[in-house]
């Protein structure tokens with residue numbers, strides 16, 4: 001009947017909308033996309049709330065077994081739940097295109113994603129340029145295509161949201177070489193790692209997009225009770241312990257007066273008492 | 001105790017999150033910010049769901065009588081509800097700063113806003129540059145500062161989200177001159193008006209940011225059952241009736257393959273059957 005793409009919001013099972021909950025409860029199968037982002041609650045919490053089983057959809061299932069997800073969606077509703085907004089980090093284009101080719105209507109239930117909730121740090125959403133993704137560097141793979149985008153934003157005086165890498169269910173290559181499929185433990189990039197990778201790239205590229213004294217804002221666990229927002233120089237934030245994931249980072253562009261006032265609350269060494277959330 | 005800033009999402013009372021509903025039900029007073037955006041349901045629907053009175057906060061109240069909203073928030077919870085996300089279109093900086101100066105903790109409940117839900121049109125959120133606002137032109141006031149921003153995005157190959165003007169509770173200047181306060185009926189800018197204003201500005205500025213044959217996407221009533229998304233040239237969309245508000249408009253930048261595939265569904269004259277939502 002319908003393929004629902006349902007945004008679950010930022011933090012836990014309480015962040016679904018009434019519209020989303022109503023849709024999910026009417027579906028015969030419920031998938032949870034669990035590789036581009038994560039909720040900070042177990043799937044048991046979702047199952048208790050929805051009153052039905054939640055099937056974890058890893059990258060392999062979504063990319064190689066989309067037909068399985070759509071199976072029967074012509075006679076009954078199927079929900080594909082995505083942390084944040086269904087169009088926040090990825091559009092899951094392939095799944096939608098396949099559904100539409102099969103004549104299955106697609107309905108979307110929107111929710112908050114980091115792409116809009118980042119406004120919580122006090123910088124105006126209007127004044128963000130293109131967002132960038134920063135992936136974990138390895139010994140042999142240190143991609144820095146984000147650098148040119150940050151530089152372009154910086155030249156326009158715009159802020160840049162940096163989305164930080166998430167690695168879940170990555171095969172252990174050493175084990176794979178021995179013919180065994182073993183998954184590495186999940187890894188979530190910290191703000192500290194992101195900053196040190198950024199500074200390494202600036203050191204290499206020398207384009208002046210930012211420096212160790214540039215103003216940045218680190219945001220950890222958006223919407224959680226222990227959400228943490230800290231503003232300071234890149235150098236200062238390298239030393240801050242932001243705790244559990246998920247983290248993201250904003251490189252500030254030119255600041256308007258009201259942005260500056262809002263950032264004051266989050267500034268390292270600010271005399272303004274930090275606001276308990 | 002706490003000032004809650006609660007995002008209500010895009011369309012009607014069903015778009016609040018469980019977290020937001022729980023917060024609003026625990027508050028002693030509930031305000032609805034009703035001048036930067038609107039829900040497509042009356043406040044009676046909200047009151048029935050929340051089980052309490054909803055006080056409409058117009059621009060004058062928020063900008064001049066913030067103390068009234070915060071009154072008593074040191075001993076009881078107060079909710080300030082915003083259509084979309086509390087940081088979507090505006091940060092309501094002044095209200096937050098005042099709360100914090102008075103030592104009142106501010107908590108935010110995020111939700112979808114047009115700033116992230118615009119991804120529904122098939123264009124990747126990653127590839128949007130700075131968003132712009134387009135206000136109603138008058139005989140004597142035809143501001144076009146958005147033009148340089150569109151041009152900068154266009155040069156980087158990025159998409160531009162145009163937020164269209166909303167005029168609610170604007171004083172009738174003729175009546176005001178006669179000493180009477182009369183409000184004009186609300187006005188919401190249509191996609192057609194936005195396009196014709198944009199083309200007028202291009203005609204004047206001649207910077208080549210866009211032309212009547214540029215690809216744009218019109219989006220009306222995001223998240224509503226009768227949501228409408230149509231892609232085509234500016235010239236083509238001038239003729240499309242998008243119906244009731246709210247409308248927004250995207251000027252497309254360079255298209256990736258998957259973006260092109262997704263846009264196919266919404267293209268005027270597309271052979272792909274439009275998807276019923």
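Protein chains in written order, with UniProt numbering: chain A, 1 to 277; chain B, 1 to 277.
Note that the Cβ used here is the ideal one computed from N, Cα and C, for glycine as well.
Keep in mind that this is a model prediction, so the values were computed, not measured.
In or out: residue i buried (at least 16 other Cβ within 10 Å) or exposed?
i: residue 25 (chain B); result: exposed
i: residue 206 (chain A); result: exposed
i: residue 77 (chain B); result: buried
i: residue 213 (chain A); result: exposed
i: residue 85 (chain B); result: buried
i: residue 19 (chain A); result: buried
i: residue 127 (chain B); result: buried
i: residue 222 (chain B); result: buried
i: residue 183 (chain A); result: exposed
i: residue 273 (chain B); result: With a pLDDT of 46 at residue 273 (chain B), under the threshold of 50, the modelled position of this residue cannot be trusted; read the value that follows with caution. Exposed, because fewer than 16 other Cβ atoms sit within 10 Å of the Cβ of residue 273 (chain B).
i: residue 119 (chain B); result: buried
i: residue 54 (chain A); result: buried
i: residue 15 (chain B); result: buried
In chain B, what lies closer than 7 Å to residue i by C-beta?
i: residue 47 (chain A); result: Residues of chain B passing the Cβ test: none, with the nearest at roughly 15 Å.
i: residue 19 (chain A); result: 14, 15
i: residue 97 (chain A); result: 261
i: residue 51 (chain A); result: Correct list: empty, because the minimum Cβ distance to chain B is about 14 Å.
i: residue 218 (chain A); result: Under the 7 Å cutoff, chain B gives no residues; its nearest Cβ is about 17 Å from residue 218 (chain A).
i: residue 120 (chain A); result: 87, 108
i: residue 34 (chain A); result: Under the 7 Å cutoff, chain B gives no residues; its nearest Cβ is about 20 Å from residue 34 (chain A).
DSSP puts residue i in a beta bridge; with which residues?
i: residue 79 (chain B); result: B:4, B:30
i: residue 107 (chain B); result: B:4
i: residue 159 (chain A); result: A:128
i: residue 57 (chain B); result: B:33
i: residue 9 (chain A); result: A:84
i: residue 266 (chain A); result: DSSP, once it has assigned bridges, lists no residue as partnering residue 266 (chain A).
i: residue 247 (chain A); result: A:220
i: residue 147 (chain A); result: According to DSSP, which records beta bridges pairwise, residue 147 (chain A) is partnered with nothing at all.
Check residue i in the structure and name its three-state DSSP category.
i: residue 40 (chain B); result: coil
i: residue 168 (chain A); result: coil
i: residue 196 (chain B); result: helix
i: residue 48 (chain B); result: helix
i: residue 173 (chain B); result: helix
i: residue 191 (chain B); result: helix
i: residue 93 (chain B); result: helix
i: residue 230 (chain A); result: strand
i: residue 218 (chain B); result: strand
i: residue 134 (chain B); result: strand
i: residue 240 (chain B); result: coil
i: residue 16 (chain A); result: coil
i: residue 259 (chain A); result: helix
For residue i, go through chain A and note every residue whose CB falls closer than 9 Å to its CB, in chain order.
i: residue 223 (chain B); result: 19, 108, 109, 110
i: residue 40 (chain B); result: Result: empty, since nearest Cβ-Cβ is about 13 Å, beyond 9 Å.
i: residue 57 (chain B); result: None at all; the shortest Cβ gap to chain A is about 19 Å.
Any heavy atom of the ligand SAH closer than 7 Å to the Cβ of residue i?
i: residue 201 (chain A); result: This structure lacks the ligand SAH; in fact it carries no ligand of any kind.
Find the residues of chain A that neighbour residue i, judging by a C-beta separation of less than 7 Å, and give them in chain order.
i: residue 93 (chain B); result: 258, 261, 262
i: residue 194 (chain B); result: Ordered by position in chain A, no residue passes the 7 Å Cβ test against residue 194 (chain B), which lies about 17 Å from the chain.
i: residue 26 (chain B); result: In chain order: nothing, as chain A lies at least about 13 Å away.
Which residues in chain B have a C-beta closer than 9 Å to the C-beta of residue i? List them in chain order.
i: residue 3 (chain A); result: Neighbours of residue 3 (chain A) on chain B: none; closest Cβ ~10 Å, over 9 Å.
i: residue 10 (chain A); result: 110
Against residue i, what residues of chain B qualify as contacts under a CB-to-CB distance less than 8 Å, listed in chain order?
i: residue 175 (chain A); result: Simply none; closest approach about 33 Å.
i: residue 7 (chain A); result: 112
i: residue 66 (chain A); result: Within chain B, no residue comes near residue 66 (chain A); the closest Cβ sits about 14 Å away, beyond 8 Å.
Starting from residue i, find everything on chain A with Cβ-Cβ shorter than 8 Å and list it in chain order.
i: residue 61 (chain B); result: Correct list: empty, because the minimum Cβ distance to chain A is about 19 Å.
| field | Selection of the stretch 101 to 112 of chain A by Cβ proximity to chain B, strictly under 7 Å | value | Here the close residues are 105, 106, 107, 108, 110, 111, 112.
| request: Report the residues of the stretch 125 to 148 of chain B with a CB closer than 9 Å to any CB of chain A, ordered along the chain. | output: From the stretch 125 to 148 of chain B, only 125, 126, 127, 128, 129, 130, 131, 132, 133 have a Cβ closer than 9 Å to chain A.
| field | Interfacial residues, the stretch 69 to 89 of chain B to chain A, with Cβ spacing under 9 Å | value | Of all residues in the stretch 69 to 89 of chain B, the ones placed with a Cβ closer than 9 Å to any Cβ belonging to chain A are 84, 85, 86, 87, 88, 89, in chain order.
| said: Using a Cβ-Cβ cutoff of 8 Å, what residues of the stretch 255 to 268 of chain A are near chain B? List them in chain order. | reply: Residues of the stretch 255 to 268 of chain A whose Cβ lies closer than 8 Å to any Cβ of chain B, in chain order: 258, 261, 262, 265.
| Taking any Cβ of chain A, which residues in the stretch 231 to 253 of chain B have a Cβ under 7 Å from it, in chain order? | Within the stretch 231 to 253 of chain B, no residue has its Cβ closer than 7 Å to any Cβ of chain A.
| query | When Cβ atoms are compared, which residues of the stretch 198 to 216 of chain B fall closer than 7 Å to chain A? | reply | Those would be none; no residue qualifies.
| request: Could you run through the stretch 145 to 173 of chain B and flag, in chain order, every residue whose CB is less than 7 Å away from some CB of chain A? | output: Sequence-ordered contacts of the stretch 145 to 173 of chain B with chain A read 152, 156, 158 [C-beta pairs closer than 7 Å].
| task | Could you please tell me which residues of the stretch 178 to 193 of chain A, in chain order, have their CB closer than 9 Å to any CB of chain B? | result | Correct list: empty, as no residue qualifies.
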